[in-house]
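Top line first, the protein sequences correspond to chains E and P.
Following our numbering, the numbering of the first sequence begins with 730 at its first residue and continues without gaps.
Following our numbering, the numbering of the second sequence begins with 573 at its first residue and continues without gaps.
What follows is a short report on a single structure.
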Amino acid sequence: DVKVTQSSRYLVKRTGEKVFLECVQDMDHENMFWYRQDPGLGLRLIYFSYDVKMKEKGDIPEGYSVSREKKERFSLILESASTNQTSMYLCASSLRRGVETQYFGPGTRLLVL
Amino acid sequence: RKEVEQDPGPFNVPEGATVAFNCTYSNSASQSFFWYRQDCRKEPKLLMSVYSSGNEDGRFTAQLNRASQYISLLIRDSKLSDSATYLCVVILTGGFKTIFGAGTRLFVKA
């Protein structure tokens, strides 16, 4: 069974703080993704990575950066949190390019005050 | 216009009913299609893939119409446990660009 874990289920941060969200998958998947989910907007892709140290911008990368130093771990960084980054953040992984089924972590609900 | 559009619902149906959802997509470079299910405050999980020839998994049937650029999900004999949000997912040619619909909420009532 694929397992994707996220470092926190709930986070409360203040405006301007640097925020780290971590995601770990245990199935040797090549691809990892970070999404945010907001009511009425669905899931929107922030960044994805198809290999260690590789990253690609998704649809809404502004205000975010990512890091993938190890294959199993993909971190999302909010350099200076803002209130409009209050959202549900979901990490996902997929086996390799061409195998598109994505497996999601449980999500992190981030509240920026 | 959103690249993937779904009726947000909610659809309120009694147990045992048949319910159908449609999803339209605008990008003709779409190559793969899926339905995911998301329970309240949980992560999305793959429900089924959608093939051109249509496919069935128990009470669930998925159809793809490439000419009209829509996919559908039919649920027969609805159960209380089917209550969830159903997400339409489209993957573009190349395999990386994944677009999620905003979801259709279903409530099945006793």
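Glycine included, every Cβ here is placed at the ideal spot set by N, Cα and C.
How long is the line joining the alpha carbons of Gly769/E and Gly581/P, rounded to whole angstroms? In the first sequence, residue 769/E corresponds to position 40, counting from 1. In the second sequence, residue 581/P corresponds to position 9, counting from 1. Cα to Cα, Gly769/E sits roughly 11 Å from Gly581/P.
From the DSSP secondary-structure annotation, give me the bridge partner or partners of Asp629/P. Position 57 of the second sequence, counted from the start, is the residue given in the question as residue 629/P. Partner(s): Phe632/P.
Around the Cβ of Val662/P, are there at least 16 other Cβ atoms within 10 angstroms (buried) or fewer (exposed)? What you label residue 662/P is simply residue 90 of the second sequence in a count that begins at 1. So Val662/P counts as buried.
Within the region 748-823 of chain E, note down every full beta strand (DSSP E) run reaching 3 residues or more, in order along the chain. 748-754, 760-767, 771-778, 793-799, 802-807, 816-823
To the nearest angstrom, report how far apart Glu759/E and Asp780/E are at their CA atoms. Locating residue 759/E in the first sequence gives position 30, where the first residue counts as 1. Locating residue 780/E in the first sequence gives position 51, where the first residue counts as 1. So the two alpha carbons sit approximately 6 Å from each other.
Give the interface partners of Leu770/E over in chain P, defined as CB-CB distance under 8 Å, in chain order. Stepping through the first sequence from its first residue, residue 770/E is reached at position 41. Within chain P, the residues near Leu770/E are Ala674.
Is Thr670/P buried or exposed, if buried means 16 or more other CB atoms sit within 10 Å of its CB? Reading the second sequence from its first residue, position 98 is the one you call residue 670/P. Per the 10 Å Cβ criterion, buried.
Using DSSP with H/G/I as helix, E/B as strand and the rest coil, what is Leu664/P? As a first step, residue 664/P is located in the second sequence; it is residue number 92 there, counting from the start. Leu664/P: strand per DSSP, three-state reduction.
Listed in chain order, which residues of the region 611-641 of chain P have Cβ atoms closer than 9 Å to some Cβ of chain E? Arg613, Lys614, Glu615, Pro616, Lys617, Leu618, Ser621
Pop quiz: Leu645/P and Ala592/P are said to be a contact at Cβ under 8 Å. What is the actual Cβ separation, rounded to whole angstroms? The count along the second sequence starts at 1 and reaches residue 645/P at position 73. The count along the second sequence starts at 1 and reaches residue 592/P at position 20. 7 Å between Cβ atoms; contact.
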